[in-house]
Structure formats: structure tokens, C-alpha cells
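Chains as they are written, first to last, in our numbering: chain E, 1 to 269; chain C, 1 to 265.
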């Protein structure tokens, strides 16, 4: 099997800077096709930035982003928009269109990218809503939905065009245990049933570890560790251990870098 | 507390200059992409009509009410001054010329910036902060064409029409005060106006001004929304910037256009 067939997404030698600050430095990440891959790391380490790089919403400072055999930084603006039809993203907030009801939100990608008749669009939308358990809510407006329901509608919208790659940006943040359980089950189910390549960006350890086939741990501009959830749990690397076990102080320090505490307190006197 | 040295202040000044030039460049690319980029999704006419309604029709009330009052005040003030010289018959001419050449386009643009411009900035900024713009991009729809372009065209089309409506109701309000209240002879009010107002010099120049103002105000409004920091504070700052920048741009451009149109160079 060639690398292109085996991996849906490959980040090669990728660097990204914001101003003078390095977010990523020469990282290599390969996302296997048809699997659920977790990208984990502490808050603020650039996980969402990584998703935006894969979606080509940001351009890397250096390196390649290969998605389905195409190097995204080399594509024109219109080629990029065509390319994105193969991807779906579930944003942290759901990002539903607030002026459209649930049905129209899910129908939106179908209406803009296909010439399907209304009856067929209706059937597809109801099937997608059924998959996320919200067929009965098709007439509601986004402001009438709970946070968990919004994310499920957004998920139905993200799979409306049957994408090959589905990216989840912090899907478990701010969810109650039931909503979280539903999302965990849905992500795994969609991946298994439709063969979608799923990329889950999250810092929720237990949930991500329970569904991911493979996990990349990123932080400090690098890939700190990678492997199956079990491999990472049993890793000897202190940085991986600190994150996986939730140890407050270690290679990632508890204190933000500062002058000496004693000098700071007594220095002004 | 951080202290800023003189050298640091000079550096910050330079940085502000570079930022301003970069913003100007970004906004120009943004405008060109929105107006001339590849159309990606949706029926453009349908999107435009929806925006014409929210940008143009929804601004009608404030334009009409302001137009009537400004026309009435002009007439009243003009009558008081002109009657000292026994030329109160010229009040119609004064109201019409003031509205068509200056107040119509300028006040409409200022009101348009406050009513429609701030709404456009807040709406687009809010879409950005709730990731709706990112979401459109990832669905494969260019937000510049789907969200920005219809709003830009709606602003370009609405503003001159609103300015014309403003001038018309202003003249009507002025006539009401002068003729019905102050007793100026109706025949001389309208005749004086007709004799002194030239279509090319006054009406057309006023329309040209309003087209330029509509272009600038809408451009500033949509760009500020699109470029804002996606937080509630960022949106509030962008909305304020829209009103301030648009008002200053309108007043500055008005002087330049007036000098070019009526300056006799």
C-alpha cells in the first residue's frame, strides 16, 4: 500500500510561526486513513492551529501539508475551496448559521454544492439528522438548542457531503456526561460505519483515549510522543507521563516563568 | 508596571505606521477578492436582494425622518436670514442647492455609517467570533463571495438611492415650512429652485458624491467586521472604528470632491 493510500493526511517537516513565536517547529504527523487519530496536548499548545493548517485556513511557514495526495500550500484559492468539500470540520462552538433552522443548516452544503432536487435533499438531511439523533428537532432554530445538540447538528452538517476526512475541534469541552457519551459514541460509530478518517483534537484524556486508534501528543512546538493510547499511557518519557497522568508540575512547569519570588516580594522595599 | 522609553515609543510609532500600511494593503486585496473573485455558492441575486432589504430598506426610516427635519430647519434658518435682505423668495433655491450638493450625500453617508455600517461590522464580526466564517470556508464556500460581496454591492446600490430620497424629502420638508408656515409664495419658491438648480452641476455631482461615500463607508464597514479580533471587545472596537473612520473619510472626501467639482481649477 502506498503512503498516499495508507495516510489521508501527512504533515511533513512543518513549521508555523505567529509573529516571532514558533508554534510548531519541523513536526511530522501522519494520519492513517479510516482510523480515529487523537491530537492531544495542553491548552494553548496549538492543537486548533494544527487543524487549521490541515484545513488550509492557515499557511505553514515551512513544510508540506499533504491531504489525499495534494499538497495544500501549493493549491490556488479556488482549488482549496474545491478540496475542502472532501473535509468536514466540527468546530468547538458548533458554528451553526444562526439565521437558518436545523434543517437548513444541514441542507446548506447540499444546496450550495449539488444540484439535487428538494425531495432528495430532504431525505438526505433527515438521514443525517437521524444519525445524530435529532431528526425530531429539524424545525428548531440554533438558539433553541443546547450546547450538546448544537454540536450534534453541526456534526450532521459536517457529514452532509459524506467527507473522507472529519476533524473535530475540542468536541468534548463543556459537555455534560450524557452529551459527552453521545459524542464519543457518534465519533466512533461514524468512523466505523462510513470509513471516515477522523482527527480528534482534544485535551480530554479519557474520552479521546477511549475512541482513538492512534494518538499524537503535541506541545512545546514538537510532537512529544505518539502511539496507541496504551503505549502512551505506559510511556517512560517524563513529558508524556506528566500529561497522560495529569501531574501538575514537571517538564511543563506549574509556574509561568518569572523573576525570583523572594526578590519580587522584597525587591521594592 | 511597564515603563516605555523614548526609543520604545519611536519603535511603536514605526510599528503603527507599518500596521496601517499593511491594513490598507489587506483591505484592498479583500475588496478585490470580494468583488472580482470566483463566485462559489448560492444565487447571487437572491443574496443581494436580502442584503438590499437589510442594508437599504431598513435604513429608510432614519433617512426619511432626518431628511424632513433637516429640510425644515434649513428652510426656517434660510428664511430668517434671507428675509433681512428681502430675498425670502430665494429660500427654495437655498434649500435645494444645500441639500443636493452637500447635506444630502454627506448626512446620508453619516447616518448610513451609523445605522447600516455599524450593523454590517457587528454582524460579520459576530459571524467570525462564532466561527461561522471558518465553517463556511471549510464547507467549501468562500465567505468573501457569500457573505461579504452581497453586502458590499447592497451598500454601493443603497447609499446613492438613500441620498436621493434624503434630498427629495428634505426639499419637501423645506417647502412645507416655507410655503405653508412662513407664507413664501409657492410659485417663486419652486421657480427660483428650478432656475438655479442644474442637473449636471448639482444633481449629478451630488449623486456622484453619494456613490463615492457609499463605496467607502460599506468597504470600511465590511472590512472592519471581517478583520476584527473575534472577541466581544474586538467586535465592539471594530464597530466604533467603522463609525469613526467612515465619518472622517466621508467628511475628508467631501472636501476633496467639492474642491474638484465646484473649485473651478
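In this text, a Cβ means the ideal position worked out from N, Cα and C, and glycines have one as well.
With a cut-off of 8 Å on Cβ pairs, the stretch 226-242 of chain C is not in contact with the stretch 168-183 of chain C, counting fewer than three such pairs.
Per DSSP, the beta-bridge partners of residue 66 (chain E) are E:10 and E:71. Contact check for residue 129 (chain E) against residue 156 (chain E) passes: the beta carbons are separated by less than 8 Å. The C-alpha of residue 14 (chain C) lies about 45 Å from the C-alpha of residue 142 (chain E). Distances from the alpha-carbon of residue 62 (chain E) to those of E:171, E:23, E:164 and E:154 put E:23 closest. Shortest Cα-Cα distance from residue 141 (chain C) to any of C:10, C:38 and C:106 involves C:38.
Apart from sequence neighbours up to five positions away, the residues of its chain that approach residue 93 (chain C) with a beta-carbon distance below 8 Å are 192, 193, 195, 196 and 197, ordered along the chain. DSSP, read as helix, strand or coil, puts residue 115 (chain C) in helix. Between residue 250 (chain E) and residue 235 (chain E), the CB-CB gap reaches or exceeds 8 Å.
Within chain E, the residues whose beta carbon sits less than 7 Å from that of residue 140 (chain C) are 81, 82, 84, 85 and 113, listed in sequence order. It is roughly 20 Å from the alpha-carbon of residue 57 (chain E) to the alpha-carbon of residue 113 (chain E). Under the three-state reduction of DSSP, residue 175 (chain E) is assigned to coil, being neither helix nor strand. With a threshold of 16 other beta carbon atoms within 10 Å, residue 248 (chain E) falls short and is exposed. Going by C-alpha positions, residue 214 (chain E) is about 32 Å away from residue 76 (chain E). Contact annotation, residue 167 (chain C) with residue 99 (chain C): C-beta distance approximately 4 Å; criterion of less than 8 Å satisfied. Against chain C, a Cβ distance below 8 Å from residue 250 (chain E) picks out nothing, because the smallest value is about 31 Å.
About 6 Å separates the beta carbons of residue 54 (chain E) and residue 9 (chain E), which is inside the 8 Å limit, making them a contact pair. The DSSP-derived three-state label of residue 28 (chain E) is strand. Taking 8 Å as the threshold, the shortest C-beta distance from residue 16 (chain E) to chain C does not fall below it. Under the 8 Å criterion on CB atoms, residue 130 (chain C) is classed as interfacial with respect to chain E. Restricting attention to E:205, E:166, E:208 and E:177, the CA atom closest to the CA of residue 191 (chain E) is found in E:166.
Restricting attention to C:231, C:214 and C:262, the CA atom closest to the CA of residue 247 (chain C) is found in C:214. Counting only residues of its own chain and dropping the five nearest sequence neighbours on each side, residue 188 (chain C) has a CB closer than 6 Å to the CB of 89. Proximity of chain C to residue 91 (chain E) at the Cβ level (cut-off 7 Å) is accounted for by 131, 134 and 135, in chain order.
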